[in-house]
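J.: Sequential numbering from 1 applies to the sequence shown in UniProt numbering.
Cβ coordinates follow ideal geometry from the N, Cα and C atoms, glycine included.
Here it is, the structure, as structure tokens.
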Amino acid sequence: MAKSERQKMADGEWYTCLDDELEALRVTARDAVHQHNTLPPAERGNIAPALAALLTAREAIIEAPFHCAYGINIELGEHVFLNAGCTILDCAKVVIEDRCQLGPNVQIYCAEHHTDPIKRSIEGLEIARPVHIGKRVWIGGGAIILAGVTIGEGAVVGAGSVVTKDVAAGQIVVGNPARPIARGKR
């Protein structure tokens, strides 16, 4: 029996993102995100029930507005803070471990699109790779984390950086592409 596009996505194979099942999952996520983003200000410390049903999150704070592609591939550790404008395109697993802080407008992208214009635009082919962020990582505002990246425990990513490669534990990286400038205290 042939694999579904969802299974191909989960297995890190080329898949068609235009698939009906995947679109239905994205619609569910958009509805959940909309519910979260329209919570009254007094409830902003909470995660909306529909979004909480998708994510794996323990005592996390997600400031509105927030956006994700599916939600079902996001795992947040204890005391994780996602500031306003955070976008997680979770076509693959995204793990953000305990006590991480993500600044405003941080973007995490798990999808990579095909370089062939026909396969990309007509067939909708893409491939997804997971992102893993270790404990006590700080990611500055506007940073972009690309597919397949692992950021080690206690690392710091400077504001506006574009992280294309793994970051070692305790490392401080800045720039586009992000490059190490120092090692911080863990």
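Keeping to the same chain, check which residues put their C-beta closer than 6 Å to that of residue 100; ignore five residues upstream and five downstream.
T.: Answer for residue 100: 80, 133 and 137, listed in chain order.
J.: Just grab the DSSP bridge partners of residue 7 for me.
T.: According to DSSP, residue 7 bridges with nothing at all.
J.: Could you have a look at residue 190 and say whether DSSP puts it in helix, strand or coil?
T.: Residue 190 lies beyond the range of the chain shown here (1 to 186); nothing can be said about it.
J.: Considering only C-alpha positions, which residue in the set 93, 151 and 58 is nearest to residue 10?
T.: Nearest C-alpha to residue 10: 93.
J.: Is DSSP giving residue 88 helix, strand or coil here?
T.: Looking at residue 88 - three-state DSSP - the assignment turns out to be strand.
J.: Taking the C-alpha atoms as reference points, what is the distance between residue 123 and residue 2?
T.: Taking the straight line joining both Cα atoms gives about 18 Å.
J.: Mark residue 154 as exposed unless 16 or more other C-beta atoms lie within 10 angstroms of its C-beta, in which case mark it buried.
T.: Residue 154 should be labelled buried.
J.: How about residue 147 and residue 159: do their beta carbons lie closer than 8 Å?
T.: No. Outside cutoff.
J.: Rank 170, 46, 4 and 50 by C-alpha distance to the C-alpha of residue 59 and give the top, closest one.
T.: Ranking 170, 46, 4 and 50 by Cα distance to residue 59 puts 46 first.
J.: Under 8 Å between the Cβ atoms of residue 6 and residue 18?
T.: No, these two residues do not count as a Cβ contact at 8 Å.
J.: How big is the Cα-Cα spacing for residue 31 and residue 38?
T.: Using only the alpha carbons, I get a separation of about 11 Å.
J.: Does the Cβ of residue 149 have 16 or more other Cβ atoms within 10 Å, making it buried, or fewer, making it exposed?
T.: Buried, because 16 or more other Cβ atoms sit within 10 Å of the Cβ of residue 149.
J.: Nearest to residue 12 by CA position, among 121, 112 and 169, is which residue?
T.: The option with the nearest alpha carbon to residue 12 is 112.
J.: Would you list, in sequence order, the uninterrupted beta strand (DSSP E) runs of no fewer than 3 residues that lie entirely inside the segment 110-140?
T.: For the segment 110-140, whole beta strand (DSSP E) runs of length 3 or above, ordered along the chain, are 111-113, 125-128 and 131-133.
J.: Whose C-beta lies closer than 7 Å to the C-beta of residue 110 among residues of the same chain, with five residues either side of it excluded?
T.: Counting only Cβ-Cβ distances below 7 Å, and skipping sequence neighbours, we find 89, 90, 91, 92, 94, 128, 129, 130, 131 and 147.
J.: Write down the C-beta distance between residue 71 and residue 102 rounded to the nearest angstrom, noting that I regard them as a contact closer than 8 Å.
T.: In fact, because the Cβ distance is near 16 Å, the residues do not count as touching under 8 Å.
J.: Starting from the C-beta of residue 105, find all residues in its chain whose C-beta is less than 6 Å away, skip the five residues before and the five after it, and write them out in chain order.
T.: Within the same chain, residue 105 has close Cβ partners 85, 141 and 142.
J.: Is the beta carbon of residue 36 closer than 8 Å to that of residue 64?
T.: For residue 64 and residue 36, yes; Cβs fall inside 8 Å.
J.: Do residue 76 and residue 96 have their C-beta atoms within less than 8 Å of each other?
T.: Against a cut-off of 8 Å, the Cβ pair of residue 96 and residue 76 comes out as a contact.
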